[in-house]
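Below is one structure, written out as structure tokens, with a few remarks after it.
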Amino acid sequence: MSAKIKVLIVDDSSFMRNILSRMMQKDGRFEVVGQAKDGQEGVEQVRLLKPDVVTMDIEMPRMTGIEALKVIMKENPTPVVMVSSLTKEGATSTLEAMDYGAVDFIAKSMDEGGGKNLLAKSAVLMDKIFAASKARMIRRYARPQAEKATAAQPQKPAVSVSSGIKKLPKSRMNNAKLLVLGSSTGGPRALQEVIPKLPLNIKVPIVIAQHMPAHFTGPMAERLNQVSDIQVLEGKDGDVLKPGVVYIAPGGAHSRVVKDAGVFKLTVKEDQGGESVYKPSVDILAESAAICADGDILAVMLTGMGSDGSRGFGDIKNKGGYVLAQDEASCVVYGMPKAVAPIADEVLDLNEITSAIIRLVG
Numbered sequence: 007m008s009a010k011i012k013v014l015i016v017d018d019s020s021f022m023r024n025i026l027s028r029m030m031q032k033d034g035r036f037e038v039v040g041q042a043k044d045g046q047e048g049v050e051q052v053r054l055l056k057p058d059v060v061t062m063d064i065e066m067p068r069m070t071g072i073e074a075l076k077v078i079m080k081e082n083p084t085p086v087v088m089v090s091s092l093t094k095e096g097a098t099s100t101l102e103a104m105d106y107g108a109v110d111f112i113a114k115s116m117d118e119g120g121g122k123n124l125l126a127k128s129a130v131l132m133d134k135i136f137a138a139s140k141a142r143m144i145r146r147y148a149r150p151q152a153e154k155a156t157a158a159q160p161q162k163p164a165v166s167v168s169s170g171i172k173k174l175p176k177s178r179m180n181n182a183k184l185l186v187l188g189s190s191t192g193g194p195r196a197l198q199e200v201i202p203k204l205p206l207n208i209k210v211p212i213v214i215a216q217h218m219p220a221h222f223t224g225p226m227a228e229r230l231n232q233v234s235d236i237q238v239l240e241g242k243d244g245d246v247l248k249p250g251v252v253y254i255a256p257g258g259a260h261s262r263v264v265k266d267a268g269v270f271k272l273t274v275k276e277d278q279g280g281e282s283v284y285k286p287s288v289d290i291l292a293e294s295a296a297i298c299a300d301g302d303i304l305a306v307m308l309t310g311m312g313s314d315g316s317r318g319f320g321d322i323k324n325k326g327g328y329v330l331a332q333d334e335a336s337c338v339v340y341g342m343p344k345a346v347a348p349i350a351d352e353v354l355d356l357n358e359i360t361s362a363i364i365r366l367v368g
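Read in order, the letters of the sequence shown correspond to residues 7 to 368 in our numbering.
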């Protein structure tokens, strides 16, 4: 029997500490080795207990979660999952925490039913914490908000891994009409490495499905827009997809690409009867794109747990589309890219992804 994953819970709310502890005891994969009521205590417990993963509240007395996170990443780099309120302010703080090394986050409601809501999503949350415990602690640094990234310089083509024969990839996709991108755990930080380097004159619309709840994708789009030359927006139902614009699929719902009167549009709808546990779903977005754009699609899969997107990317590939996947060494969690690697035309380090996009679609 494999050893249990050691978890430290850091939260100033005894109610939240108890809720999270109860979830982990029921799950069986985890052992709660300690609890701390503020960031300072959390830092001390990490030094003493050496947990495999930490859940960290953001707003706490004495030392906030972000302040504690900075110390932990400097002294004892450990996978940390932030516990954040479902508010715009909570989302902004959570994204800042991702910049400083947090692997993932759990969103909690601030109303009276918040604990019940967490319990109802226990399986998904426990999978997040399990995936985070296995995450690679890749060094990452906060990008100044005012800084504009320069366009990536094209690099030499990587080899294809979609077959046993190594070959140079296509130099360019003919008639590319759309770029679809999927990401999950580690995605917000990975997107900050990819999107700001895209040039203003890229020829295709870009639609991104990043696993996130409502209230979080808007602030993420704003942050990416601030550090990018290319325009980045949170998508909304009915948007006409324009070349050279990045659309972030809104959290808590499913986005699809449709073709209407010769133009691509985005539809945003609530989940209908359990279509996917992930909202937005990469599969649902990619499947819709494959239907309306045939094979004229570049599909890119970045870091994330699970296999969401493998079915939709398969549809794109079967219609003649081109698939890029992030490699294992540069992923925080090698789940979603691993699921599409067998059909990928290229598997690349994160810092090669933007160059490949530019090379392929111009």
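Backbone N, C-alpha and C define an ideal beta-carbon position, used for all residues, glycine too.
Between the beta-carbon of Ala138 and that of Val77 there is about 18 Å, and that puts the pair past the 8 Å contact cut. Excluding five sequence positions before and after Met342, the CB atoms of its chain that fall closer than 8 Å to its own CB belong to Gly188, Ser189, Ser190, Val288, Met307, Leu308, Thr309, Gly310, Met311, Gly312, Ser313, Asp314, Gly315, Ser316, given in chain order. Residue pairing for Val238: DSSP places it in a beta bridge opposite Val252.
Counted as a single uninterrupted DSSP element, the beta strand (DSSP E) harbouring Glu352 occupies residues 352-354. With a cutoff of 8 Å on beta-carbon distance, Phe136 and Pro211 are scored as not near each other.
Ser19 sits in coil when the DSSP states are folded into three classes, being neither helix nor strand. For the pair Ser336 and Met79, the Cα-to-Cα distance works out to about 18 Å.
Look at Met30 here: in three-state DSSP terms it is helix. Spanning the alpha carbons of Leu230 and Ser19 requires a straight line of approximately 32 Å.
The beta-bridge partner set that DSSP reports for Asp266 consists of Val269. Exclusion of the five residues before and after Asn181 leaves Asp302 as the residues of its chain whose Cβ lies within less than 7 Å of its Cβ. Shown here, Gln51 sits in a helix according to DSSP, grouped into three states.
By the criterion of a C-beta distance shorter than 6 Å, Ala331 is surrounded in its chain by Met307, Pro343, Val346, Ala347, Ala350, Val353, once the five residues flanking it on both sides are discounted. For the pair Met29 and Ser90, the CB atoms are not nearer than the 8 Å cut-off. At least 8 Å separates the beta-carbon of Arg262 from that of Leu239. Residues of the same chain with a CB within less than 7 Å of the CB of Leu206, apart from the 5 flanking positions on each side, are Asp235, Ile236, Gly250 in chain order. Annotated as proximal: Ala74 and Val16, with beta-carbon spacing under 8 Å. Looking at the DSSP output, Thr61 shares a beta bridge with Ile15, Val87. Distance from Ile359 to Leu185 at the Cβ level is roughly 11 Å; contact not present, criterion being Cβ atoms closer than 8 Å. Comparing C-alpha distances from Pro202 to each of Ile214, Gln232, Ala215, His221 shows the shortest one belongs to Gln232. If you ignore the 5 residues before and after Gly193, its C-beta comes within less than 8 Å of the C-beta of Gln216, His217, Leu308, Thr309, Gly310, all in its own chain and listed in chain order.
Collapsing the DSSP output to three states places Ala108 in coil. Within the same chain, Cβ atoms closer than 7 Å to the Cβ of Lys10 are found at Arg35, Phe36, Glu37, the five residues on either side in sequence being excluded. In terms of Cβ geometry, Pro256 and Ala299 do not form a close pair [threshold 8 Å].
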